[in-house]
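Peer 1: Following our numbering, the numbering of the sequence shown begins with 105 at its first residue and continues without gaps.
Note that the Cβ used here is the ideal one computed from N, Cα and C, for glycine as well.
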Amino acid sequence: MGTTVILGAGGRLGAALAREWSAAGETVLALDRHALSLGDFAMVKRVLGSLDFDALVNCAALTNVDYCEGHREEALLINGEAAGIVADVCEQKGARCIHISTDYVFDGLSSRPYVEEDVPLPVSVYGASKLAGERAVLTAGANHWAVRVSWVFGPDRPSFVDQIVTRALKEESVAAVADKWATPTYTLDAATLLRPLLREVSGGGVVHLSNTGVCSWQEYGQWALDCSGEFGLPLKARTVGAQGMSDIKAFIAKRPPFTVLNVSKLAGLTGQQPRPWREAVRSYLRSQCELGVWSS
Ligand SMILES: NC(=O)c1ccc[n+]([C@@H]2O[C@H](COP(=O)([O-])OP(=O)(O)OC[C@H]3O[C@@H](n4cnc5c(N)ncnc54)[C@H](OP(=O)(O)O)[C@@H]3O)[C@@H](O)[C@H]2O)c1
């Protein structure tokens, strides 16, 4: 077995991959932003150049969509140009680069789940910067993968699902956006689904990865409250009200309304079918409740 470098190992997905793969016997070199800062290209080349590895997963990115909207140059540098430099180093070493990308490369106007061949048309700086990263990675060599994920959740950093439960424990009424749809992606499931791409699957290109099904943020939140109520949390709010995207004044960047990803290609490549998002969310909330994450 080879050695896998994980960039962004302090983040939600990177930390989960590092822990899960190490536990499964993989040799993992987990680098957070202190060990490797993507904005420092000389450091990227020096640090990666000094390591011996045959696969790298780049989970590091500027992920705050609204921050990116006001910091276009920085977003393009970190999410775009630096991603290409990472892939170039991988190519020179004969290592495979798996670059984590996003459903936000699409404009969200489709009426069916997006397939990998659909033309990306980002509506935000974040989406454009991530698309630039994908293109730079795929230009670096034929054996690299750009893996698009959506609505990532898991135990290593809170996301929407944790926030809605935390709010429902404190407030009598909660609401979430009802006119935006995608599919949640559980980081622990992503660890299993991604692993064959490290070495077993040949080739390269774009591939979509998420749990299956579709939901709005409101439906996602409602399911989170249904499950956590069942697992015994003393929720003050049990129903998630509906908001429109236009009601959220804090949104600076435009969001694509429908970005469900078709994951058939991944299933064909790896022989693994992702589980439905409701099962994944339920499993996550059960383990968080068992760990006492919300117990005071
Ligand atoms: N979260 C989602 O819902 C979602 C949806 C679609 C796609 N994605 C993609 O999935 C990947 C993983 O996302 P995530 O949810 O794990 O996000 P995350 O928790 O924000 O992790 C990103 C990591 O990148 C690090 N980072 C930021 N700037 C860096 C720099 N200049 N140099 C080195 N590291 C840097 C961050 O460090 P700090 O912790 O210090 O900030 C963080 O640890 C990203 O490529 C993202 O675009 C995420």
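Taking the beta carbon of D144 as the centre, do at least 16 other beta carbons fall within 10 Å, making it buried, or is it exposed?
Peer 2: Per the 10 Å Cβ criterion, exposed.
Peer 1: Could you tell me which residues DSSP pairs with W249 in its beta bridges?
Peer 2: Beta-bridge pairing links W249 to I202 and G309.
Peer 1: Under a Cβ-count criterion, where at least 16 other Cβ atoms within 10 Å of its own Cβ denotes burial, should H312 be classed as buried or exposed?
Peer 2: Counting Cβ neighbours within 10 Å, H312 comes out buried, since at least 16 surround it.
Peer 1: Would you report the Cα separation of W285 and Q322, rounded to the nearest angstrom?
Peer 2: If you take the alpha carbons of W285 and Q322, they lie about 9 Å apart.
Peer 1: For L235, collect the residues of the same chain with a Cβ closer than 7 Å to its Cβ; drop the 5 residues on either side in sequence, then sort them by chain order.
Peer 2: The answer, listed in chain order, is V209, P224 and P226.
Peer 1: From E195, N366 and R379, pick the residue whose C-alpha is nearest to that of T291; which is it?
Peer 2: Taking only the C-alpha atoms, the option nearest T291 is R379.
Peer 1: For D377, is the classification buried or exposed, using 16 other Cβ atoms within 10 angstroms of its Cβ as the cut-off for buried?
Peer 2: In the sequence as presented, Asp is not what sits at residue 377; that position holds Gln. Classification for Q377: exposed.
Peer 1: Less than 8 Å separating the beta-carbons of L166 and A187?
Peer 2: No, the pair does not count as a contact, with Cβ atoms beyond the cut-off.
Peer 1: Between L142 and G129, what straight-line distance do the alpha-carbon atoms span, to the nearest angstrom?
Peer 2: Looking at the two C-alpha atoms, the distance is approximately 28 Å.
Peer 1: Measure from the alpha carbon of G118 to the alpha carbon of each residue in D293, L339 and L213, then state which is nearest.
Peer 2: Minimum Cα distance to G118 is reached at D293.
Peer 1: Give the C-beta separation of G106 and A164 to the nearest angstrom, bearing in mind that I take them to be a contact with Cβ-Cβ under 8 Å.
Peer 2: Not quite, the Cβ-Cβ distance comes to about 20 Å (not below 8 Å), so this is no contact.
Peer 1: Please report the distance separating the alpha-carbon of T296 from that of H248.
Peer 2: One C-alpha to the other measures close to 18 Å.
Peer 1: When the Cα atoms are used, what is the spatial distance from Y218 to L273?
Peer 2: The straight-line gap from Cα to Cα measures roughly 36 Å.
Peer 1: Label D156 either buried or exposed according to how many other C-beta atoms from any shown protein chain fall within 10 Å of its C-beta, with 16 as the threshold for buried.
Peer 2: By the neighbour-count rule (16 or more Cβ atoms within 10 Å), D156 is not buried but exposed.
Peer 1: Assuming P361 contacts Y324 under a Cβ cut-off of 8 Å, what Cβ separation, rounded to an integer in Å, is found between them?
Peer 2: Not quite, the Cβ-Cβ distance comes to about 15 Å (not below 8 Å), so this is no contact.
Peer 1: Let me make sure I understand the geometry here. Which of A354, C194, W125 and S205 has the alpha-carbon closest to that of V281?
Peer 2: The shortest Cα separation from V281 among A354, C194, W125 and S205 belongs to A354.
Peer 1: Let's see if you can read the secondary structure: which residues bound the beta strand (DSSP E) around L135?
Peer 2: Start and end: T131 to L135.
Peer 1: Mapping the DSSP letters down to three states, classify I189 as helix, strand or coil.
Peer 2: DSSP places I189 in helix when its eight states are reduced to three.
Peer 1: Which residue marks the beginning of the alpha helix (DSSP H) containing L121, and which one marks its end?
Peer 2: Here the alpha helix (DSSP H) through L121 covers R116 to A127.
Peer 1: What's the C-alpha gap between C310 and R382?
Peer 2: According to the sequence provided, residue 310 is Val. The question's Cys does not apply to it. Roughly 26 Å between the two C-alpha positions.
Peer 1: Taking the alpha-carbon positions, what's the D158 to I202 distance?
Peer 2: About 11 Å.
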